[in-house]
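Okay, so here's the structure we're looking at.
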Amino acid sequence: AMAAAMPKAVDLSPKQKQKLYEEFGLWERGYTVGVLSYTMNVFLLCRFPQYYWCWHLLKAVVHLPWRFLRFRQRGYEWYMVDFCYLNTYFTVLFCFVSFLRSAFGVKTLLEEHNYWLIRALFAFANGALVLSVPVFGNKLVFHDVDNTTSMYIHLSPALLWWSLRWGGGYGTSLIDETWPDMFHICHDMQADTAVESFRAMLWFTGECAGTIPQFVLYPAVAWAALWGLPYYLFVLCCMKGWLERNQRTTLYHDTVKDVSGQGKWIILAPEALWPVLYMLQHFVFTMVTGFFSILLWNSFALHTAFLSGILLYAIHNGSTFLFRVVAARHAQEVLLRVASEPTAEEALKLTSYDVAPRSLSR
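Take the sequence shown: its letters are residues 45 to 406, numbered as in my numbering.
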């Protein structure tokens with residue numbers, strides 16, 4: 045019945061067509077910007093990887109405030125203190141303070157811990173964070189700001205560390221020559237042996253190779269100190285009542301409601317233990333995925349293939365969404381809404397018909 049009643053664009057009046065094109069025009073402009081942004085990603089990563097961190101910071105200035113404003117309207121703003129967001133914040137902070145130190149000699153507390161923080165953040169970004177793309181079904185949809193922002197949050201930090209760890213395949217010397225003494229990825233930034241031969245690209249065993257303590261101990265300390273303990277005490281304990289009274293939601297609330305997925309083991313315990321078990325589950329997942337990221341740190345080929353696979357998944361997911369949801373449902377919804385809205389002339393007639401009888405009754 046709906047298919048029979050579905051209007052066609054050719055059946056619309058000129059005014060309605062103009063309105064329809066205005067509605068679609070916003071999507072078209074968004075799609076154009078999205079494609080240009082994706083093209084810039086590929087261009088910088090492949091040809092000028094030493095500048096990708098600048099692009100990462102620039103996009104943060106756009107995506108993060110925009111995400112906050114949109115989430116604020118829906119009561120979702122507390123999602124932005126979850127682990128994924130904190131990782132992105134720290135990559136932005138890391139790049140910014142590294143630039144201040146290199147360019148202006150500004151010293152910070154992070155400078156003393158630069159070496160191990162890089163490895164901890166690498167483990168987070170190339171472990172739990174980037175795996176959130178398939179876990180949450182993220183998709184590359186060029187015209188959709190929410191999907192685009194989610195892809196930035198979950199994927200861009202991993203791409204950032206890929207560009208810094210390998211210099212985009214040109215070696216860490218490229219990073220050091222462009223930004224001297226800015227990123228201490230390795231003690232010897234001029235040693236490009238990791239990309240000098242096919243064998244080294246498959247598995248690197250030099251001075252800069254990752255070790256188990258670096259990808260187990262460092263991430264564990266960083267997780268607990270930078271996010272785990274503060275989040276548990278402040279969000280899950282101190283702010284618990286306020287969040288419930290004001291109907292604010294977090295990833296914790298979504299998890300315990302997911303009785304057939306991530307929350308099914310947590311809810312088997314008494315409710316008082318749910319926050320502790322949620323944090324424990326998060327810690328274990330982050331540590332396990334972070335441990336396996338040592339393989340990516342030591343292999344340019346594996347790291348490149350892994351991130352390419354994540355990106356291809358998001359592209360395929362986006363194409364499915366574009367044709368099955370946007371084309372089949374959203375576009376039809378816009379068409380129906382425009383067709384049901386009266387034109388200016390029709391609205392004027394309706395107003396005159398509504399006013400005339402009442403004026404006669406007086």
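Glycine included, C-beta positions come from ideal geometry on N, C-alpha and C.
Measuring straight from C-alpha to C-alpha, what distance separates residue i and residue j?
i, j, result
"residue 342", "residue 303", "38 Å"
"residue 94", "residue 321", "41 Å"
"residue 340", "residue 240", "17 Å"
"residue 47", "residue 124", "Confidence at residue 47 is low in this model, with a pLDDT of 46, below 50, so its placement is unreliable and the value that follows should be read with caution. Taking the straight line joining both Cα atoms gives about 41 Å."
"residue 396", "residue 282", "For residue 396, the predicted model reports a pLDDT of 49, less than 50, meaning its position is unreliable and no value from the coordinates is stated."
"residue 128", "residue 198", "7 Å"
"residue 171", "residue 90", "22 Å"
"residue 149", "residue 352", "37 Å"
"residue 311", "residue 318", "7 Å"
"residue 59", "residue 71", "19 Å"
"residue 263", "residue 381", "51 Å"
"residue 104", "residue 189", "13 Å"
"residue 111", "residue 246", "38 Å"
"residue 135", "residue 200", "10 Å"
"residue 385", "residue 370", "21 Å"
"residue 98", "residue 85", "11 Å"
"residue 409", "residue 306", "The requested residue 409 does not occur in the structure, where the chain is confined to residues 45 to 406."
"residue 220", "residue 357", "33 Å"
"residue 115", "residue 212", "34 Å"
"residue 338", "residue 215", "18 Å"
"residue 401", "residue 194", "Because residue 401 sits at a pLDDT of 42, beneath the cut-off of 50, its placement in the model cannot be relied upon, and the following sentence gives the value as read from the coordinates. Each residue's alpha carbon lies about 55 Å from the other."
"residue 404", "residue 76", "With a pLDDT of only 37 at residue 404, under the threshold of 50, the placement of this residue in the model should not be trusted; the figure read from the coordinates follows. Those two C-alpha atoms are separated by around 55 Å."
"residue 106", "residue 365", "24 Å"
"residue 144", "residue 102", "16 Å"
"residue 248", "residue 187", "40 Å"
"residue 285", "residue 377", "39 Å"
Tell whether a beta-carbon distance below 8 Å holds between residue i and residue j.
i, j, result
"residue 362", "residue 185", "yes"
"residue 146", "residue 225", "yes"
"residue 202", "residue 169", "yes"
"residue 88", "residue 96", "yes"
"residue 335", "residue 259", "yes"
"residue 355", "residue 122", "no"
"residue 235", "residue 254", "no"
"residue 74", "residue 291", "no"
"residue 158", "residue 100", "no"
"residue 296", "residue 277", "no"
So which of the options has the shortest CA-CA distance to residue i?
i, options, result
"residue 126", "255, 294, 134 and 314", "294"
"residue 257", "188, 230 and 331", "331"
"residue 237", "210, 263 and 134", "210"
"residue 326", "300, 155 and 348", "300"
"residue 165", "290, 73, 278 and 265", "265"
"residue 270", "183, 106, 130 and 194", "130"
"residue 261", "160, 277, 108 and 79", "160"
"residue 218", "162, 157 and 92", "92"
"residue 192", "313, 79 and 345", "79"
"residue 411", "162, 181 and 151", "Outside the shown range of the chain (45 to 406) lies residue 411, about which nothing can therefore be said."
"residue 268", "323, 298 and 314", "323"
"residue 180", "298, 113 and 316", "298"
First and last residue of the alpha helix (DSSP H) that includes residue i?
i, result
"residue 258", "256 to 267"
"residue 298", "295 to 301"
"residue 338", "318 to 342"
"residue 185", "That residue, residue 185, is in no alpha helix (DSSP H); it is neither H nor E in DSSP."
"residue 141", "127 to 148"
"residue 162", "158 to 168"
"residue 228", "Premise fails: residue 228 is in no alpha helix (DSSP H) and is neither H nor E."
"residue 289", "284 to 289"
"residue 176", "174 to 179"
"residue 221", "216 to 222"
"residue 103", "96 to 118"
"residue 244", "242 to 246"
Check whether the region 240 to 258 and the region 194 to 206 touch, using three or more Cβ-Cβ pairs below 8 Å as the test. Between the region 240 to 258 and the region 194 to 206 there are fewer than three C-beta pairs closer than 8 Å, too few to call the two in contact.
Spell out a yes or no on whether the region 169 to 176 and the region 136 to 151 are touching, meaning 3 or more CB-CB pairs, one atom from each, closer than 8 Å. Output reads no: the region 136 to 151 does not touch the region 169 to 176.
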